[in-house]
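Heads up: the structure comes next, in structure tokens.
In this note's numbering, the protein residues as written are 734 to 847.
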């Protein structure tokens with residue numbers, strides 16, 4: 734059985750901080766959900782740990798690979814929809830970095846299409 738190398742680079746670590754911040758914002762006001770906070774956080778970190786793109790990972794929105802199980806994917810969509818706009822208030826530096834990364838991912842995908 735082949736061992737998967739765990740992603741531990743600085744960009745992955747920042748992505749984990751961003752996801753943790755978004756999950757914290759969401760669960761502060763949404764306690765009653767099917768997937769609890771710790772399960773979602775652990776699952777999202779696991780997915781980042783084994784992401785095939787590693788340090789070159791695009792934002793989830795721009796990613797060509799949908800690696801989340803359907804139930805976690807739906808929960809994370811809700812988290813991102815709710816927390817995304819609020820990130821500018823609670824974590825402005827992480828929010829701006831994430832927006833810049835998303836814009837960069839979008840441009841590189843457009844260049845691949847040309």
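Note that beta-carbon positions come from the ideal geometry of N, C-alpha and C, so glycine has one too.
- Relative to the Cα of residue 803, the nearest Cα in the group 767, 835 and 748 belongs to 767.
- Per DSSP, the unbroken alpha helix (DSSP H) holding residue 753 starts and ends at 743-762.
- If you check the CB distance, residue 756 and residue 812 come in under 8 Å.
- With the rule of 3 Cβ pairs closer than 8 Å, the segment 737-753 counts as touching the segment 769-789.
- For residue 796, the three-state secondary structure derived from DSSP is coil.
- The C-beta separation of residue 809 from residue 815 comes to about 11 Å, leaving the pair out of contact by the 8 Å criterion.
- Taking residue 819 as reference, the option from 749, 764, 760 and 736 with the minimal CA-CA separation is 760.
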